[in-house]
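To start, the structure under review is shown below, and the notes come after it.
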Amino acid sequence: MLDITSALSRAADFLADSARAWPDLEVRIMPEEAFVHGGRLVVPYNTAAFLDRGDKGKMLAGNMPIAVDLANGSCHYCTMDEVLEFIDLDLL
10 MLDITSALSR AADFLADSAR AWPDLEVRIM PEEAFVHGGR LVVPYNTAAF
60 LDRGDKGKML AGNMPIAVDL ANGSCHYCTM DEVLEFIDLD LL
(Lines of atoms letter the chains of each structure in order from A; the text may use other names.)
(Lines give C-alpha, C1' and ligand atoms only; values in the text may rest on other atoms or scores of the structure.)
Protein backbone atom coordinates (compact mmCIF):
# COMPACT_ATOMS: atom_id res chain seq x y z
CA MET A 10 0.00 0.00 0.00
CA LEU A 11 1.43 3.36 -1.05
CA ASP A 12 1.33 6.34 1.26
CA ILE A 13 0.15 9.69 -0.11
CA THR A 14 3.68 11.08 -0.52
CA SER A 15 4.77 8.06 -2.58
CA ALA A 16 1.59 8.19 -4.65
CA LEU A 17 2.14 11.89 -5.40
CA SER A 18 5.66 11.05 -6.54
CA ARG A 19 4.29 8.36 -8.86
CA ALA A 20 1.79 10.85 -10.29
CA ALA A 21 4.54 13.43 -10.87
CA ASP A 22 6.70 10.82 -12.63
CA PHE A 23 3.76 9.66 -14.75
CA LEU A 24 3.00 13.25 -15.78
CA ALA A 25 6.66 13.99 -16.53
CA ASP A 26 6.83 10.93 -18.76
CA SER A 27 3.66 11.95 -20.62
CA ALA A 28 4.82 15.57 -20.89
CA ARG A 29 7.79 14.56 -23.04
CA ALA A 30 5.26 14.60 -25.88
CA TRP A 31 4.53 18.27 -25.09
CA PRO A 32 8.01 19.87 -25.12
CA ASP A 33 6.69 23.47 -25.14
CA LEU A 34 4.41 22.95 -22.16
CA GLU A 35 5.63 22.82 -18.56
CA VAL A 36 3.07 20.96 -16.47
CA ARG A 37 2.95 20.12 -12.78
CA ILE A 38 0.72 18.14 -10.44
CA MET A 39 -1.48 19.95 -7.92
CA PRO A 40 -0.98 18.00 -4.65
CA GLU A 41 -3.16 20.42 -2.68
CA GLU A 42 -6.14 19.43 -4.87
CA ALA A 43 -5.52 15.65 -4.68
CA PHE A 44 -8.02 13.34 -2.99
CA VAL A 45 -8.46 9.64 -2.27
CA HIS A 46 -11.45 7.80 -3.68
CA GLY A 47 -11.98 4.09 -4.29
CA GLY A 48 -8.44 3.08 -3.38
CA ARG A 49 -6.90 5.63 -5.71
CA LEU A 50 -5.24 8.98 -5.23
CA VAL A 51 -6.67 11.35 -7.83
CA VAL A 52 -4.26 14.14 -8.73
CA PRO A 53 -5.14 17.14 -10.91
CA TYR A 54 -2.45 18.97 -12.87
CA ASN A 55 -2.02 22.14 -14.89
CA THR A 56 0.63 24.33 -16.46
CA ALA A 57 3.32 25.96 -14.36
CA ALA A 58 2.37 29.33 -15.89
CA PHE A 59 -1.16 29.01 -14.56
CA LEU A 60 -0.15 27.57 -11.18
CA ASP A 61 2.67 30.05 -10.52
CA ARG A 62 1.35 33.24 -12.09
CA GLY A 63 -2.36 32.67 -12.57
CA ASP A 64 -1.98 33.07 -16.35
CA LYS A 65 -5.45 31.96 -17.44
CA GLY A 66 -4.34 31.98 -21.07
CA LYS A 67 -2.00 29.10 -20.23
CA MET A 68 -4.56 27.15 -18.19
CA LEU A 69 -5.32 23.68 -19.54
CA ALA A 70 -8.89 22.74 -20.39
CA GLY A 71 -10.18 19.20 -20.68
CA ASN A 72 -7.17 17.62 -19.02
CA MET A 73 -8.08 14.52 -17.05
CA PRO A 74 -6.57 14.05 -13.58
CA ILE A 75 -4.12 11.26 -12.88
CA ALA A 76 -5.30 8.29 -10.80
CA VAL A 77 -2.71 6.38 -8.77
CA ASP A 78 -3.74 2.94 -7.50
CA LEU A 79 -2.72 2.94 -3.84
CA ALA A 80 -2.45 -0.87 -3.80
CA ASN A 81 0.01 -1.32 -6.66
CA GLY A 82 1.19 2.17 -7.71
CA SER A 83 -0.08 1.97 -11.28
CA CYS A 84 -1.15 5.26 -12.88
CA HIS A 85 -3.60 6.24 -15.57
CA TYR A 86 -5.44 9.32 -16.75
CA CYS A 87 -9.00 9.28 -15.45
CA THR A 88 -11.77 8.52 -17.88
CA MET A 89 -14.65 10.89 -18.51
CA ASP A 90 -16.94 8.54 -16.55
CA GLU A 91 -14.59 8.72 -13.56
CA VAL A 92 -14.42 12.51 -13.76
CA LEU A 93 -18.22 12.80 -13.96
CA GLU A 94 -18.50 10.57 -10.87
CA PHE A 95 -16.04 12.81 -9.00
CA ILE A 96 -18.04 15.88 -10.03
CA ASP A 97 -21.28 14.25 -8.83
CA LEU A 98 -19.58 13.57 -5.48
CA ASP A 99 -18.29 17.18 -5.30
CA LEU A 100 -14.70 15.94 -5.34
CA LEU A 101 -13.77 17.93 -8.45
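Convert by adding 9 to the 1-based position in the sequence shown; the result is the number in the working numbering.
Cβ atoms here follow ideal geometry from the backbone N, Cα and C, with glycine treated the same way.
The structure displayed is predicted, hence computed values, not measured ones.
Residue nearest to residue i in terms of C-alpha spacing, selected from the options
i: ASN55; options: ILE38, GLU42 and MET89; result: ILE38
i: ASP99; options: GLU42, MET10, ASP12 and THR14; result: GLU42
i: GLY47; options: LEU60, ASP78 and PHE59; result: ASP78
i: ASP22; options: PRO32, MET10 and SER83; result: SER83
Per-residue DSSP class, three states only, for residue i
i: ASP64; result: coil
i: THR56; result: strand
i: ASP26; result: helix
i: ASP78; result: strand
Cβ shell of residue i (< 8 Å), same chain only, five flanking positions each side left out
i: VAL36; result: LEU24, ALA28, TYR54, ASN55, THR56, ALA57 and LEU69
i: CYS87; result: VAL51, MET73, PRO74, ILE75, ALA76 and PHE95
Cutoff 7 Å; reference residue i; Cβ partners in own chain excluding five residues on either side
i: ALA16; result: LEU50, VAL77 and LEU79
Own chain, CB closer than 6 Å to residue i, minus 5 neighbours either side, in chain order
i: PHE59; result: LYS67 and MET68
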